[in-house]
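Everything on this sheet refers to the single structure shown next.
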Amino acid sequence: MSEPLLLVTSSIAALGALYAINARQLMRGVLGLAVFFIALAMLFAQLGAWYLAVGQLFLFVGGVVTLFVLAFNFVRTPIQHSGSFWPWMVSMLALLSLALFLPFSFATPQGISLTTFAAEMFLQYGWILNLALLLLFSAIITSQYLLEDT
Amino acid sequence: MIPLIASMVLFSIGIYGVLSKRDILRITISVSVILGSITLLLASLAQNSGNYSFILFIWAVEVMEILVALAVFLYLARSEKKDINDLQQLRW
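Note that the protein sequences, when read in sequence, are chains A and B.
Each residue of the first sequence is one higher than the one before, starting from 1 at the first, in the numbering used here.
Each residue of the second sequence is one higher than the one before, starting from 151 at the first, in the numbering used here.
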């Protein structure tokens, strides 16, 4: 992949990370984090790691960002935002995702199928996945304990 | 070369966020940025071999960190505290 696109994607990732940390409202920070994750997935795709790009989108943009928004909704404090901000921000995020993934829609990755995806993710490195799942289970138990104790 | 520099910049941004912010969610976001930069570094180093197994492990650690941090955030929110320095009860 060309270096200018790599440079642009890296800049978008850095700007998204800076905005996520420094945004005055936390929900805007979470949107900046989503921009960072999307740009990171694009960097993975440009490095040829297609599986990582797909996993990054599924796990982080689809899961972790939703988890953050869910945690905000559990807290009863109202999130202040201006009326015209959200449609503008969300449409900018959608346009950014579209623009970042447009170059890859013309280049078909070689050999991606459900079988190769499963072989790459689960069969060859199964012990790491089992260890990770064990740690994930212990983290869920820990968080449950912390919440029940309050 | 560009992914290495980008991962270095992202790591610096994350360290800045961890050191300068006191809100637990911003610290969580900063740690996510740090782990993302490490993932990018490993992916760029393993570009030729195509062996990305350790990145799965980093992903699992990151998801666990976010889970526990959100639980602590909910604990702080229920006790109407926001600052990380108010976590006196979690000290040994």
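Just so you know, even glycine gets a beta-carbon here, dropped at the ideal spot from N, CA and C.
List the residues of chain A whose Cβ lies closer than 9 angstroms to the Cβ of residue i, in chain order.
i                      : result
leucine 160 of chain B : Ser10, Ala13, Ala14, Ala17, Phe36 and Leu40
Along chain B, in chain order, which residues have C-beta atoms closer than 8 angstroms to that of residue i?
i                           : result
phenylalanine 74 of chain A : Leu224 and Ala227
leucine 47 of chain A       : Pro153, Ala193, Ser194 and Gln197
Looking at the ligand ADP, does it come within less than 7 angstroms of residue i, judged from the CB to the closest heavy atom?
i                     : result
valine 211 of chain B : Of ligands this structure carries none, so the ligand ADP is not represented either.
Output, in chain order, the set of chain A residues within a Cβ distance shorter than 7 angstroms of residue i.
i                         : result
arginine 172 of chain B   : Within chain A, no residue comes near arginine 172 of chain B; the closest Cβ sits about 12 angstroms away, beyond 7 angstroms.
isoleucine 216 of chain B : Val64 and Leu67
isoleucine 205 of chain B : Leu52
If you compare alpha carbons, which of the options is closest to residue i?
i                     : options                                   : result
leucine 57 of chain A : A:Ala39, A:Leu7 and A:Ile12               : A:Ala39
leucine 15 of chain A : B:Ser170, B:Leu206 and B:Ala156           : B:Ala156
alanine 34 of chain A : A:Phe44, A:Leu7, A:Leu43 and A:Ala20      : A:Ala20
valine 218 of chain B : B:Asn198, B:Leu190, B:Leu175 and B:Arg228 : B:Leu175
Would you report the Cα separation of residue i and residue j, rounded to the nearest angstrom?
i                         : j                         : result
proline 153 of chain B    : leucine 18 of chain A     : 17 angstroms
tyrosine 225 of chain B   : asparagine 201 of chain B : 39 angstroms
asparagine 235 of chain B : valine 69 of chain A      : 24 angstroms
serine 82 of chain A      : valine 168 of chain B     : Any reading at serine 82 of chain A needs caution, since the residue's pLDDT is 48, under 50, leaving its predicted position unreliable; the model's value is listed next. The straight-line gap from Cα to Cα measures roughly 28 angstroms.
isoleucine 216 of chain B : threonine 9 of chain A    : 25 angstroms
valine 222 of chain B     : glycine 164 of chain B    : 20 angstroms
asparagine 22 of chain A  : leucine 31 of chain A     : 12 angstroms
valine 211 of chain B     : leucine 135 of chain A    : 8 angstroms
methionine 151 of chain B : valine 61 of chain A      : 26 angstroms
Listing by chain order, which chain B residues have their CB less than 7 angstroms from the CB of residue i?
i                           : result
phenylalanine 44 of chain A : Ala193
leucine 57 of chain A       : Near leucine 57 of chain A there are no residues of chain B at all, since even the closest Cβ is about 12 angstroms away, more than 7 angstroms.
Which chain D residues sit within Cβ distance under 9 angstroms of residue i?
i                     : result
leucine 33 of chain A : In the displayed structure, chain D is absent; the protein chains listed are A and B.
Since residue i meets chain A, which of its residues come closer than 8 angstroms, beta carbon to beta carbon?
i                         : result
isoleucine 163 of chain B : Ala14, Ala17, Leu18 and Ile21
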